[in-house]
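Numbering (our numbering), first residue to last: 177 to 423.
Ideal placement from N, C-alpha and C gives every residue a C-beta, glycine not left out.
Here is the structure we will look at.
Below, the structure is given as structure tokens:
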């Protein structure tokens, strides 16, 4: 039985009633799949889609044979180790996958069947703010589903008001710990002060009216109450969404 429905071109994928749009494989910290632990597995169609994004960005076909094999599998698979981290990406609309390519896939996917569109993938979507805004503005003008962005909250180029103005309705923000040093250990951001930066981003997102959800990974040494208290103090209405760790 298939877990997901792969798109025609292979960049986007669906999980439940949501259509996921990955913009990049690159990240300025550990990727969110990495934070789930070395034993974390994903549906094969998702792994294939994310590896096709890697190939598109690099202009290669390195992953193509394996992706074709994955498209015929049912068992969950491990996402291969990511490329090196980056602090930023060029603001280049010609970089693949392009907004036009992704919007074409979305159009082909029978969007009416989905309750939300999610900008998320292996890498950090806000590293490609220009493309993110092109996609979300187009969707907000022409389609009904809600638009959510899954982010680590670390990008200095991402402004919460920009997200609102481009049609984003909600955020899922990864804040792995209420303790800054523990956060740095588990997230490994390229620049120091990552915890403070995420907290500031969440606060600004709440102020501009975004529906914010905080996600964290269950670890033995995590002080859950401390994190939940911080999240509540920031004004987040939803309880922390806990995700299992896979050693």
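Discussion item. So the candidates are 326, 239 and 358; which of them puts its Cα closest to the Cα of residue 345?
Written reply: The sequence position of residue 345 within the chain shown is 169, counting from 1. Of 326, 239 and 358, the residue nearest in Cα terms is 326.
Worksheet item: If residue 194 sits next to residue 330, beta carbons under 8 Å apart, how far is it from one beta carbon to the other, in whole angstroms?
Response: Taking the chain shown and counting its residues from 1, one reaches residue 194 at position 18. Taking the chain shown and counting its residues from 1, one reaches residue 330 at position 154. Contact doesn't hold; Cβ gap of about 23 Å is too wide.
Discussion item. For residue 264 and residue 222, what's the separation of their Cα atoms in angstroms?
Written reply: Your numbering for residue 264 matches position 88 in the chain shown. Your numbering for residue 222 matches position 46 in the chain shown. Using only the alpha carbons, I get a separation of about 24 Å.
Discussion item. Closest to residue 335 by C-alpha separation, out of 245, 304, 395 and 225, would be which residue?
Written reply: Translated into positions along the chain shown, residue 335 becomes position 159. Nearest option by C-alpha distance: 304.
Discussion item. So for residue 196, helix, strand or coil by DSSP?
Written reply: What you label residue 196 is simply residue 20 of the chain shown in a count that begins at 1. Shown here, residue 196 sits in a strand according to DSSP, grouped into three states.
Worksheet entry | Unbroken alpha helix (DSSP H) run spanning residue 251, endpoints | Start at 1 with the first residue of the chain shown, and residue 251 comes out as number 75. Counted as a single uninterrupted DSSP element, the stretch harbouring residue 251 is not any alpha helix (DSSP H), since DSSP gives it neither H nor E.
Discussion item. I need the straight-line Cα distance from residue 250 to residue 220, nearest angstrom please.
Written reply: Position 74 of the chain shown holds residue 250. Position 44 of the chain shown holds residue 220. Rounded to whole angstroms, residue 250 and residue 220 show a C-alpha spacing of 6 Å.
Worksheet item: Based on the DSSP output, what are the partners of residue 268 in its beta bridges?
Response: By one-based count along the chain shown, residue 268 stands at place 92. Answer is none; residue 268 lacks a bridge partner.
Worksheet item: Measuring CB to CB, does residue 347 end up less than 8 Å from residue 199?
Response: For the purposes of this step, residue 347 is taken as residue 171 along the chain shown, with counting starting at 1. For the purposes of this step, residue 199 is taken as residue 23 along the chain shown, with counting starting at 1. Taking 8 Å as the cut-off, the beta carbon of residue 347 is found no closer than this to the beta carbon of residue 199.
Practice prompt. Can you give me the start and stop residues for the alpha helix (DSSP H) that residue 284 sits inside?
Written response: Against the chain shown, residue 284 aligns to sequence position 108. Unbroken alpha helix (DSSP H) run through residue 284: 275 to 284.
Practice prompt. Would you check if the segment 348 to 356 and the segment 387 to 396 touch, i.e. whether three or more CB-CB distances between them fall below 8 Å?
Written response: Here the segment 387 to 396 lies against the segment 348 to 356, with 3 or more beta-carbon pairs under 8 Å apart.
Worksheet item: Starting from residue 405 and walking both ways along the alpha helix (DSSP H), at which residues does that stretch end?
Response: On the chain shown, position 229 is the one that residue 405 refers to. Counting along the chain, the alpha helix (DSSP H) containing residue 405 begins and ends at 400 to 409.
Worksheet item: Quick one: what's got a C-beta closer than 8 Å to residue 405's C-beta in the same chain, skipping five residues either side?
Response: By 1-based counting over the chain shown, the position of residue 405 is 229. If we look at residue 405 and ignore the five residues flanking it on each side, its Cβ neighbours are 354.
Worksheet item: Quick one: complete alpha helix (DSSP H) runs, 4+ long, within the segment 339 to 383?
Response: You should have 356 to 363 and 370 to 383.
Discussion item. Can you list, in chain order, the residues of its chain with a C-beta nearer than 7 Å to that of residue 396? Leave out the 5 residues immediately preceding and following it.
Written reply: As a working note, residue 396 is residue 220 in the chain shown. Around residue 396: no qualifying Cβ.
Item to complete: Compare the C-alpha of residue 337 against each of 314, 240, 379 and 208 and name the closest.
Response: Stepping through the chain shown from its first residue, residue 337 is reached at position 161. Comparing C-alpha distances from residue 337 to each of 314, 240, 379 and 208 shows the shortest one belongs to 379.
Discussion item. Considering just the uninterrupted stretch of the beta strand (DSSP E) at residue 295, what are its terminal residues?
Written reply: Here residue 295 refers to the residue found at position 119 when the chain shown is read from its first residue. For residue 295, the enclosing beta strand (DSSP E) begins and ends at 292 to 295.
Practice prompt. Would you please state the rounded distance, in angstroms, between the beta carbons of residue 386 and residue 343? I believe it to be under 8 Å.
Written response: As a working mapping, residue 386 is identified with position 210 in the chain shown. As a working mapping, residue 343 is identified with position 167 in the chain shown. Rounded, the Cβ-Cβ distance is 11 Å, inconsistent with contact.
Practice prompt. Please classify residue 374: is it buried, with 16 or more other beta-carbons within 10 angstroms of its beta-carbon, or exposed?
Written response: Counted from its first residue, the chain shown places residue 374 at position 198. Looking at its Cβ environment, which holds 16 or more other Cβ atoms inside 10 Å, residue 374 is buried.
Fill in: Other residues of its chain near residue 411: CB distance less than 6 Å, five sequence neighbours each side excluded
Along the chain shown, one-based indexing puts residue 411 at 235. 382, listed in sequence order.
Worksheet item: Can you tell me the Cα-Cα spacing of residue 306 and residue 269, whole angstroms?
Response: In the chain shown, residue 306 corresponds to position 130, counting from 1. In the chain shown, residue 269 corresponds to position 93, counting from 1. About 7 Å.
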